[in-house]
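Per the working numbering: the sequence shown = residues 120 to 484.
Where is the CB? At the ideal position from N, CA and C, for every residue including glycine.
Quick caveat: nothing in here was measured; it's all calculated off a predicted structure.
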Amino acid sequence: MSKIRRRGFLKSASIAAAAAGVGAINSCSTEKKNESASIHTQKKYEWRMVTSWPPKFPILGEYAELIAKWIDEMSSGRLKIQVYGSGELVPAFEVFDAVSLGAAEMGHAAAYYWAGKAPAAQFFATVPFGMTARQMNAWLYFGGGLELWRELYSDFNLVPFPCGNTGGQMGGWYNREMNSVNDLDGLKIRMPGLGGKVITKAGATTVLSPGGELYTNLERGVIDGLEWIGPYHDYLMGFHKIAKYYYYPGWHEPCANLELTINKDAYSKLPTDLKAIVKTAAQASNVMILSAFDVKNFEYFEKLKNEEEVAFRKFPNKLLLILKTYADEVFEEISETSTISRKVFESYDKFQKKMNSWHKISERE
Ligand code: CA
């Protein structure tokens, strides 16, 4: 009994020992692997983020800082990002070039600022009578929008990520009532982007005053009207003190998608986990910024309505319908500029139509 058992025991013991040995060898090689992996992943990166917002600009500048903070925390300090407001490292409208050329690794801005470089970029920010923030996200994440955006920016050595949205904006401040499209004729209005092109077709002139000069320009009649963002930011600018009417809807900016752009070479050098951290921070900010806008705009909408007794006015439907036909002309003109412009617009337009038919039912839009 004992012989057989002993033999059996020895056999299994040796198997166990061998197995332990193999295990030991394996764990030893795993340790080595981990050691080399940890040496590799402990590499620290120091990046710069340039933004199109003045330093500490409400919500936008604040979130640029938060994005850097979250990335720092998630990466245990392995990816440190120094944030620069507009003018601190480069001016607001040079963010695209600075990141493209590698003067900064990261940028926070809005794609419609780059219309002069790539007309199709405007479709990734906002489109007059276009998609809401929610629809825009659906198009970018699941409707092929982000792939097209990456294709467009690839030529500029950039990788874009959706990174925040203002939600629907306000139509703007005017000192006279807008009863028909003829009331726009001859007016000087601050309205950048595609909306500006649309009102030009209605006979208005667009004036691109810097943010800091808007108040005085409206007060002195250098401009007859302006659009800025929404109740929160407009209140901080004090426009309610000098303009009679606050118009809605912001037909020209039914949302404004913001972008986090990353220099393609810098991005490709990041290890997989840091790439995932950057992507996750952008996605988190995308939701948080939109929610921050909603909450602040609601609060200041109440303030403007109840404390300042601002006269809210709705653009008449007839006026909006005519502007919509002008907008369609503008889209056609941009689509004619290049194959990619046409491809982006067709994808956007098709997605919006489909989404609208569903949202009419589900969201009462
Ligand atoms: Ca605006």
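At the level of alpha carbons, what is the spacing between residue i and residue j?
i                 : j                 : result
isoleucine 318    : alanine 244       : 18 Å
serine 205        : alanine 217       : 12 Å
glutamate 321     : arginine 483      : Note on identity: in this sequence residue 321 is alanine, with glutamate being the wrong assignment. Each residue's alpha carbon lies about 30 Å from the other.
valine 214        : tyrosine 164      : 20 Å
lysine 316        : glutamate 332     : 21 Å
glycine 287       : lysine 473        : 20 Å
tyrosine 419      : glutamate 426     : 10 Å
lysine 462        : cysteine 282      : 23 Å
serine 194        : phenylalanine 212 : 30 Å
glycine 180       : methionine 168    : 11 Å
isoleucine 361    : leucine 439       : 25 Å
aspartate 304     : threonine 324     : 8 Å
tyrosine 365      : glutamate 192     : 42 Å
valine 326        : tryptophan 477    : 38 Å
lysine 433        : lysine 422        : 19 Å
isoleucine 441    : valine 246        : 16 Å
proline 311       : alanine 385       : 31 Å
isoleucine 348    : valine 414        : 14 Å
phenylalanine 464 : glutamine 161     : 43 Å
The beta strand (DSSP E) that contains residue i, what's its start and end?
i                 : result
phenylalanine 431 : 430–433
proline 281       : 277–284
alanine 229       : 225–229
In the DSSP assignment, find the alpha helix (DSSP H) that holds residue i and state where it starts and stops.
i              : result
glutamine 254  : 252–261
arginine 269   : 264–273
tryptophan 347 : Careful: tryptophan 347 lies outside any alpha helix (DSSP H) and carries neither H nor E.
histidine 478  : 458–481
asparagine 336 : 333–338
tryptophan 292 : It is not in any alpha helix (DSSP H) - tryptophan 292 instead sits in the beta strand (DSSP E) that spans 291–293.
Answer with buried or exposed for residue i, where buried requires no fewer than 16 other C-beta atoms within 10 angstroms of its C-beta.
i                 : result
phenylalanine 417 : exposed
lysine 388        : exposed
asparagine 405    : buried
phenylalanine 470 : buried
threonine 93      : With the chain covering 120 to 484 only, the question about residue 93 has no answer from this structure.
isoleucine 480    : exposed
proline 329       : exposed
serine 219        : buried
threonine 285     : buried
aspartate 392     : exposed
valine 397        : buried
proline 279       : buried
tyrosine 260      : exposed
Going by the beta-carbon positions, is the gap between residue i and residue j smaller than 8 Å?
i                 : j                 : result
cysteine 374      : threonine 251     : yes
glycine 340       : glycine 291       : no
glycine 314       : glutamate 378     : no
alanine 400       : tryptophan 172    : no
proline 435       : asparagine 301    : no
methionine 289    : proline 350       : yes
phenylalanine 412 : isoleucine 186    : no
isoleucine 408    : methionine 225    : no
glutamate 494     : arginine 309      : No answer is possible for residue 494: the residues shown for the chain start at 120 and end at 484.
valine 202        : alanine 222       : no
alanine 446       : phenylalanine 242 : no
asparagine 276    : lysine 199        : no
Taking the DSSP output, what are the residues bridged to residue i?
i              : result
tyrosine 445   : Beta-bridge pairing links tyrosine 445 to no other residue.
isoleucine 200 : Trp166
lysine 307     : Thr324
tyrosine 364   : Tyr293, Ala430
isoleucine 381 : Met225, Val278
asparagine 376 : Asn284
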